[in-house]
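Before any comments, here is the structure.
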Amino acid sequence: MANLKEVRSRIASIKSTRQITSAMKMVSASKLRKGQNAIHNLRPYEEQLRLILNNVNKGLKEEDKNILCSPKPVSDALVVVVASNKGLCGTFNSHLLKKTVKHILILKEQGFKVKLWIIGKKAEDFFKKTNYPVDGLFHDLIDKVTFENAFKFANQAMVNIENGTFQRIDFVYNRFVNAATYDIIAEQILPLTLENNSDDMGRSVKKGEEVEYILEPSKKEIMNELVPKVIQTYIYRILLDSYASEQGARMTSMHKATDNATELLKNLTITYNKVRQSSITNEIVEIVGGAEALNA
1391 MANLKEVRSR
1401 IASIKSTRQI
1411 TSAMKMVSAS
1421 KLRKGQNAIH
1431 NLRPYEEQLR
1441 LILNNVNKGL
1451 KEEDKNILCS
1461 PKPVSDALVV
1471 VVASNKGLCG
1481 TFNSHLLKKT
1491 VKHILILKEQ
1501 GFKVKLWIIG
1511 KKAEDFFKKT
1521 NYPVDGLFHD
1531 LIDKVTFENA
1541 FKFANQAMVN
1551 IENGTFQRID
1561 FVYNRFVNAA
1571 TYDIIAEQIL
1581 PLTLENNSDD
1591 MGRSVKKGEE
1601 VEYILEPSKK
1611 EIMNELVPKV
1621 IQTYIYRILL
1631 DSYASEQGAR
1641 MTSMHKATDN
1651 ATELLKNLTI
1661 TYNKVRQSSI
1671 TNEIVEIVGG
1681 AEALNA
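End of the sequence shown = 1686 in my numbering, gap-free, step of one.
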């Protein structure tokens, strides 16, 4: 059985660790709340903006379609993986990276040559050990998500589609659901996919029920204005989703770590009391034995 000094040392160490995990949990909870509010405020705007774009796109001639919405030939694809810069967030990064590798293999099977843009140092550390070509690193985007940085990044992605550097851009990220849940998503962002089957209220439109619109200026000009805004907002929301999911994962992980430390402290305290009681009993036995020897 361990001696008192060893047990006391372990108790002190675990108490210190519990304080750290508890503090990290509270910090993550605060960041999560901010990220969650930002997502809830942005999603209705994004959905309405996308709905307007879909409505304007109805009946648009093929030659008037925006280049960012036009299908491209199978050639070069870019995969943007959105991970985290820090660890201690459970399986947040590991599951995301596995999904990324699977998605890359799917694109290669379709005939694409794949390159990577990486957001998050944890993803960079992983892909350094592989043969996948990394074309860009953008770790600053996820430390503090701002619409200015997101829009600049989105513009850079759109330029690569417009000049033909890439024919397809996919994002792999964690979509925020709630504090304890997130979904790993791999989806095509560019070229932008549009729908033609909804009315101005978002209801499904059946054949023969199409709604006519009077648009000013032309549909082409409106599309050229709306498409970049939709893509910028879309990518901004993706970064917010990943940020909130990371904070939720870290908060949950630190909460479990704090609970485990509390349980371990409880067991160590019992062990300490047993060792202490055993030590006291031995000392009493030695004293009584010595007194009896003197009286003999």
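We put the CB at the ideal spot given by N, CA and C, even for glycine.
- Within the same chain, A1651, L1654, L1655 and L1658 come within 8 Å of I1404 by CB-CB distance, once the 5 residues on both sides are set aside.
- Between the region 1473–1493 and the region 1501–1512 there are three or more C-beta pairs closer than 8 Å, enough to call the two in contact.
- Every unbroken stretch of the alpha helix (DSSP H) spanning 4 or more residues and falling wholly within the region 1525–1569 is given here in chain order: 1530–1533 and 1537–1552.
- Within the same chain, and ignoring the five residues on either side of F1541 in sequence, the residues whose Cβ sits closer than 6 Å to its Cβ are Q1622.
- Taking the CA atoms as reference points, G1449 sits about 16 Å from V1617.
- Within the same chain, Cβ atoms closer than 6 Å to the Cβ of M1644 are found at T1411, M1414 and K1415, the five residues on either side in sequence being excluded.
- For Y1572, the beta-bridge partners assigned by DSSP are F1566.
- DSSP links I1509 through a beta bridge to V1472.
- Contact between Y1624 and E1436 holds, with the beta-carbon distance rounding to 7 Å and staying under 8 Å.
- Between the C-alpha atoms of D1631 and V1665 there is a straight-line separation of about 51 Å.
- Judged by DSSP in its simplified three-state form, I1410 adopts helix.
- Around the C-beta of I1559, 16 or more other C-beta atoms lie within 10 Å, and the residue is accordingly described as buried.
- Taking a contact to require three or more Cβ pairs closer than 8 Å, the region 1460–1472 and the region 1427–1435 do not qualify as touching.
- Taken atom to atom, the span from the alpha-carbon of T1520 to that of L1458 is near 31 Å.
- The Cβ atoms of L1580 and M1548 sit closer than 9 Å to each other.
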